[in-house]
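Each remark here refers to the structure printed beneath this line.
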Amino acid sequence: MRKHKTFGKGTNLSCILMAALLQDRGVDAQYVDLGDAISRDLPPALRQEIVSCDKRVPVMTSLFEGIPGGPNNAIGKSPIDLCAASVAAGVGAQELQIWAEVDGFFTVDPRRVPGARLIPSVTPSEATQLLSHSSKDIQAFAIEQAIRARIPVCIKNVLNPHGSGTMISLDDVIDAPSCIGTSSTLTAGCKDSVQKQSSFNFAPTSHSKRPTAITIKDRIMVLNVHSNKLTSAHGFLMYLFRVLDKWNLSVHSDPSSLPANVKLQLGNVLEPFPEEMLGKYDLVRVKLLYAALKKDEWLLAARNLKTLLKPGGYLFWSEIGAYGYASNPYSEAFHEWKRIESEAAVKLGRDPKCPVLLPYQFRQAGFEGVDEKVFVTLGRPDLINIITKMALFYMPQNLNGLLKLGVMSPDLTEGKVNSLVETVTKETENGVEIGTNFHWVWGQNLGSS
Numbered sequence: 001m002r003k004h005k006t007f008g009k010g011t012n013l014s015c016i017l018m019a020a021l022l023q024d025r026g027v028d029a030q031y032v033d034l035g036d037a038i039s040r041d042l043p044p045a046l047r048q049e050i051v052s053c054d055k056r057v058p059v060m061t062s063l064f065e066g067i068p069g070g071p072n073n074a075i076g077k078s079p080i081d082l083c084a085a086s087v088a089a090g091v092g093a094q095e096l097q098i099w100a101e102v103d104g105f106f107t108v109d110p111r112r113v114p115g116a117r118l119i120p121s122v123t124p125s126e127a128t129q130l131l132s133h134s135s136k137d138i139q140a141f142a143i144e145q146a147i148r149a150r151i152p153v154c155i156k157n158v159l160n161p162h163g164s165g166t167m168i169s170l171d172d173v174i175d176a177p178s179c180i181g182t183s184s185t186l187t188a189g190c191k192d193s194v195q196k197q198s199s200f201n202f203a204p205t206s207h208s209k210r211p212t213a214i215t216i217k218d219r220i221m222v223l224n225v226h227s228n229k230l231t232s233a234h235g236f237l238m239y240l241f242r243v244l245d246k247w248n249l250s251v252h253s254d255p256s257s258l259p260a261n262v263k264l265q266l267g268n269v270l271e272p273f274p275e276e277m278l279g280k281y282d283l284v285r286v287k288l289l290y291a292a293l294k295k296d297e298w299l300l301a302a303r304n305l306k307t308l309l310k311p312g313g314y315l316f317w318s319e320i321g322a323y324g325y326a327s328n329p330y331s332e333a334f335h336e337w338k339r340i341e342s343e344a345a346v347k348l349g350r351d352p353k354c355p356v357l358l359p360y361q362f363r364q365a366g367f368e369g370v371d372e373k374v375f376v377t378l379g380r381p382d383l384i385n386i387i388t389k390m391a392l393f394y395m396p397q398n399l400n401g402l403l404k405l406g407v408m409s410p411d412l413t414e415g416k417v418n419s420l421v422e423t424v425t426k427e428t429e430n431g432v433e434i435g436t437n438f439h440w441v442w443g444q445n446l447g448s449s
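Numbering follows the UniProt record's numbering, with no gaps: position 217 of the sequence shown is 217.
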């Protein structure tokens, strides 16, 4: 405890010095130590500390300085922004200003793109996304606390105090107030900045919205971790994260820490979607449903997916099918597998010709401007290894699944499955390449959602 109190003395001394400086300049200021407020109900406690200053200007320490094991340890720097947000919530402030070393949010990283433009106003969900991928000078958790208390937040730059900054609004479209003491250009630009257009920019429409900004995160390492000790998985994960923390590596984008505007849920493309989802999306992306859909279900799926789109929105579908696979040089074992798969598909009610028919089904479902692009991977040096590995991974699962279903008996036996898999594996090791065709199909909903 004594060690943490010592670390917190720098902030305390700075606040005492600032209060004395203000008093010397004729400003009636008072030093306020918030170090003990953490032990009480925060909003009332903070309000009491501020109200006790009466008409004097409070000069406050960080709320969590000197607290052993407190937010300083988790956040990795003094949580001044979080302190300011907590105080703003406690006193019911009209606006929270966070002064950092950035002008606000930009359309793209200005260090990478000279033509980047400052964004006058963003929504809370947009701010959450941008903070998770961009500036480390502003704490996302502090922004979240202020928005929960219905307090708009203005980001300002200490190195450019006359700049307009960026306002984080309370709603998706607002009459955003200007930052106190700043240029009125922010107010004038707020409505224009949030009334945007198409996010899938084939053809902008008056009903859709353009992206707010583009963020880039580089030097990303992907780890594929597998533990066979299922009974002690929690211990394994604890050790794993301890190692990552030792090397100062942060973990991103696991399903338990999705951004506030991203949600995972189960759905069935063959059934009507919930009413709250209808007509809500500018773009719906679908991929790899060949093994899940029967011959008469593709059109139904396309019609159901269309109901999710706003007027002017796009459905984008990427797919492969049984017909598109090929080998070079010719592999008899590989094409025997594809013959078995195609015959089984017919018996199971699937359509081996799909996704060739997908553009036709898009038009039947009422989409306009339907188009497609077919990517042939055979012969592509940059894709051959990936597609070959994918085929070798899928082949035993497919054949063993058909064997268990019994749809190809007595043609398919366990011995034949093992022989085909072993033969194709050896052939690819000796230079046989496997390729397939990828189909991209898209169409626009120009009618009502």
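We put the beta carbon where it would ideally sit given N, CA and C, even for glycine. Quick caveat: nothing in here was measured; it's all calculated off a predicted structure.
Contiguous alpha helix (DSSP H) elements confined to the region 330-402 occur at 332-347 and 358-364, taking only those with 4 or more residues. Here DSSP, grouped into helix, strand and coil, assigns G415 to helix. Where E144 is concerned, the enclosing alpha helix (DSSP H) starts and stops at A140 to R148. Closest by C-alpha distance to E271, out of P110, N304, L315 and M395, is N304. Nearest neighbour of T215 by Cα position, chosen from L130, E49, Y360 and V57, turns out to be L130. Excluding the 5 residues flanking it on each side, Q30 has same chain C-beta neighbours closer than 8 angstroms at A19, C53, R56, V57, P58 and V59, in chain order.
In this structure P124 does not touch I151 by the C-beta definition: roughly 11 angstroms separates them, more than the 8 angstroms allowed.
The C-beta of P355 has 16 or more other C-beta atoms within 10 Å across all chains shown, which makes the residue buried. By the neighbour-count criterion, in which 16 or more other beta carbons inside 10 Å mark a residue as buried, G366 falls on the exposed side. Under the three-state reduction of DSSP, M408 is assigned to coil, being neither helix nor strand. In the three-state reduction of the DSSP assignment, G163 falls in the coil class, being assigned neither a helical nor a strand state. Beta bridge pairing from DSSP links W247 with no other residue. Looking at R111, E101 and I384, the one whose alpha-carbon comes closest to that of T166 is E101. If you draw a straight line from the Cα of G406 to the Cα of A344, it is about 10 angstroms long. Take T425, set aside five residues on each side of it, and the residues of its chain with a beta-carbon closer than 7 angstroms to its own are L392, in chain order. Here R350 is buried, its C-beta having at least 16 other C-beta atoms within 10 Å. Taking each of D28, F273, S164 and V432 in turn and checking the Cα distance to I98, the smallest one comes out for S164. In this structure the region 420-434 does not lie against the region 358-365, because fewer than three pairs of beta carbons, one per stretch, are closer than 8 angstroms. Between V441 and L278, the alpha-carbon positions lie close to 22 angstroms from each other.
Separation of L46 and I155 (C-alpha to C-alpha, rounded to the nearest whole angstrom) is 23 angstroms.
For the region 291-333, the full-length beta strand (DSSP E) segments reaching 3 residues or more read 309-319 and 326-328 along the chain.
Taking a C-beta distance under 8 angstroms as the contact criterion, P352 and G324 do not qualify as a contact pair.
Under the 10 Å beta carbon count, Y330 is surrounded by fewer than 16 other beta carbons and is classified as exposed. For S86, the three-state secondary structure derived from DSSP is helix. Rounded to whole angstroms, the gap between the alpha carbons of N418 and K404 is 14 angstroms. When secondary structure is reduced to three states using DSSP, V286 falls in the strand class.
Here the alpha carbon of T307 sits roughly 28 angstroms from the alpha carbon of V122. Rounded to the nearest whole angstrom, the CA to CA distance from V225 to L237 is 10 angstroms. Burial check for K338: the Cβ neighbour count within 10 Å reaches 16 or more, so the residue is buried. One alpha carbon belongs to D382, the other to V284, and they sit about 28 angstroms apart. Separation of D245 and L315 (C-alpha to C-alpha, rounded to the nearest whole angstrom) is 41 angstroms. Counting along the chain, C53 sits inside no beta strand (DSSP E), nor does DSSP assign it H or E at all. Ranking L378, Q94, F241 and G312 by CA distance to the CA of V370 puts G312 first.
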